[in-house]
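Following: one structure in structure tokens, then a few remarks.
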Amino acid sequence: MEGFHYRDGVLHVDALPVPPIVGEAGTPCWVYSGAKIRERYAALDSALRRALGDHSFRIAFACKANGNLAILRLLHTLGAGADIVSGGELRRAMAAGMPPSHVIFSGVGKSVQDIASALRCGIGQINVESAEELAQIISIAEDLRLSARIALRINPDVDAGTHAKITTGKSDNKFGIPVQAAESLWRKAHASRFVEPVGLSLHIGSQIMEPGPFAQAFEVLASTAKALDAQSVDVGGGLGVAYREHDRPLDLDTYCGLIRDRLGPLKVPIILEPGRFLVAEAGALLTRVLYIKKGLGKQYLILDAGMNDLLRPALYDAWHPIWPVMRPHDAEGELPFDIVGPVCETGDTFGIGRRLKTPVAPGDLMAVLCAGAYGAVMSSTYNARPLAPEVLVDGTRKATVRAAQTIEDLLAQDAVPDWLS
Ligand SMILES: *Cc1c(COP(=O)(O)O)cnc(C)c1O
């Protein structure tokens with residue numbers, strides 16, 4: 001059994017019960033299911049094989065969704081490369097053993113140092129987001145006398161129909177190059193001896209649940225790739241997952257069928273950059289109830305995890321399932337709770353009016369599910385709260401894959417100048 005599920009009323013991750021894991025790691029802590037990541041990867045990989053036959057494709061995991069070395073290593077063993085957005089993520093991908101040739105560098109603001117390190121290590125592809133960045137890459141590649149394989153990230157001007165803060169493919173978003181400008185940049189890239197324009201890419205947003213936006217975007221990608229005779233196409237990420245019971249994610253065969261129908265005829269390798277899809281459901285934030293506070297006409301469940309640990313609800317109004325680790329044996333009934341963290345912000349709220357089986361008591365363990373993507377990677381130390389540890393379970397095996405940060409670690413990074421000491 002993979003992922004998070006109850007067995008005899010106790011939450012398990014893969015084959016292991018959650019309480020002893022949390023007993024060791026303390027709360028809050030992150031727990032990942034290796035088996036779930038394997039299952040998601042296999043599902044995508046096999047749907048692509050079904051749709052594409054022997055047409056060549058590559059999966060480059062978007063590391064920004066979860067950059068833990070153990071997770072990157074696991075995905076690498078399954079065959080994934082990486083999509084990175086910083087020099088730091090390049091180091092992570094390489095430390096996880098991924099060959100640089102399987103790494104794609106995305107992002108609107110690549111620094112000179114990051115571009116230079118990417119070229120020095122022989123990165124597979126840099127996805128260029130502007131004329132200014134192309135000029136920068138040409139100049140760095142010529143200085144270093146190193147070849148740069150680039151793709152142009154086009155902005156297809158489609159509405160992904162997702163939350164405004166994770167929409168990236170509209171013409172008024174900061175991402176990508178307008179299709180009309182692609183041809184002249186393509187020629188510019190060709191004109192440099194050190195730049196090899198290999199393909200086109202796009203990424204229209206995240207948590208996309210409908211086929212329409214993908215179909216429109218792939219259409220634009222196909223026609224532009226044809227016009228420029230691009231040698232590969234990169235469809236980005238964006239596949240949505242079910243956070244709520246009534247969420248209906250896009251069926252994988254439908255998604256892969258769109259890729260085949262729109263991009264198959266080009267007969268060039270296809271690259272995918274899934275992030276959330278591969279890891280979201282594989283992670284949970286485990287936390288303990290500190291207090292049950294009676295407010296005016298409502299009850300607050302105050303957890304020891306906060307928005308500094310999991311930012312998504314505060315940042316995107318994201319909805320996460322919140323389950324008790326131990327289901328009450330003989331539930332008395334159900335009551336609504338506002339489930340909040342300890343951080344001094346009203347936005348530090350994980351759920352409003354969530355119905356939980358009673359009794360619920362201080363000391364109870366709760367699991368905030370579907371937190372494997374854009375969870376630990378977005379954590380901060382706001383309110384001087386150290387970063388929580390991460391544990392990977394993989395079937396019957398278990399390991400701490402990031403040690404708990406301590407308050408001493410935090411203090412050690414600050415310094416008081418001598419005129420104040
Ligand atoms: C964030 C991002 C992805 C991954 O998006 P998901 O919605 O997590 O699949 C892929 N490509 C690029 C360029 C990104 O910025």
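Using the working numbering, you'd call the opening residue of the sequence shown number 1 and step up by one each time. Ideal placement from N, C-alpha and C gives every residue a C-beta, glycine not left out. Remember, predicted model here, so these are calculated numbers, not experimental data.
Query: Three or more C-beta pairs below 8 Å linking the region 370–387 and the region 288–296; Result: no
Query: Segment contact, 8 Å Cβ cut-off, at least three pairs: the region 151–168 with the region 196–204; Result: yes
Query: Inter-residue CB distance, residue 231 and residue 268 (contact presumed, cutoff 8 Å); Result: 5 Å
Query: Stretch-stretch touch, CB-based, cutoff 8 Å, three pairs: the region 207–221 with the region 165–179; Result: yes
Query: Reference residue 235, options 253, 210, 411, 273, closest by Cα; Result: 273
Query: Whole-angstrom distance between residue 51 and residue 226, CA atom to CA atom; Result: 21 Å
Query: Which listed residue (35, 55, 143) has its alpha carbon closest to that of residue 283; Result: 35
Query: Integer Cβ distance of residue 205 from residue 160, believed to fall under 8 Å; Result: 3 Å
Query: Local conformation of residue 262 per DSSP, three classes; Result: helix
Query: Residue 12 - containing beta strand (DSSP E), residue span; Result: 10–13
Query: Where residue 334 sits in the DSSP three-state scheme; Result: strand
Query: With 16 other Cβ atoms within 10 Å as the buried cut-off, status of residue 276; Result: buried
Query: Short CB-CB distance (under 9 Å) between residue 23 and chain C; Result: The structure shown has no chain C; it contains just one protein chain.
Query: Ligand 1 heavy atom lying under 8 Å from the CB of residue 165; Result: no
Query: Distance, residue 326 Cα to residue 39 Cα; Result: 26 Å
Query: Inter-residue Cα distance where the pair is residue 146 and residue 132; Result: 19 Å
Query: Own chain residues within Cβ distance below 8 Å of residue 299, not counting five before or after; Result: 292, 293, 335, 336, 337, 338
Query: For residue 375 and residue 365, the rounded distance between their alpha carbons; Result: 19 Å
Query: Any non-hydrogen atom of ligand 1 within 8 Å of residue 214 CB; Result: no
Query: Cutoff 8 Å; reference residue 113; Cβ partners in own chain excluding five residues on either side; Result: 87
Query: Residue range of the unbroken beta strand (DSSP E) whose run includes residue 218; Result: No beta strand (DSSP E) holds residue 218; the alpha helix (DSSP H) holding it covers 211–228.
Query: Same chain, Cβ closer than 6 Å to residue 352, neighbours up to 5 away in sequence not counted; Result: 338
Query: Heavy atom of ligand 1 within 8 Å of residue 64 beta-carbon; Result: yes
Query: Any non-hydrogen atom of ligand 1 closer than 8 Å to residue 374 Cβ; Result: yes
Query: Cβ neighbour criterion (16 or more within 10 Å) applied to residue 396; Result: exposed
Query: Cβ-based burial, residue 310 [other Cβ within 10 Å; buried from 16]; Result: buried
Query: Of the residues 65, 386, 314, 240, the one placed nearest residue 410, counting alpha carbons only; Result: 386
Query: beta-carbon residue 277 near ligand 1 non-hydrogen atom, thresh 8 Å; Result: yes
Query: Integer-rounded CB distance, given that residue 303 should sit under 8 Å from residue 287; Result: 4 Å
Query: Proximity test, residue 239 beta-carbon vs ligand 1 heavy atom, cut-off 8 Å; Result: yes
Query: Whole-angstrom distance between residue 23 and residue 118, CA atom to CA atom; Result: 41 Å
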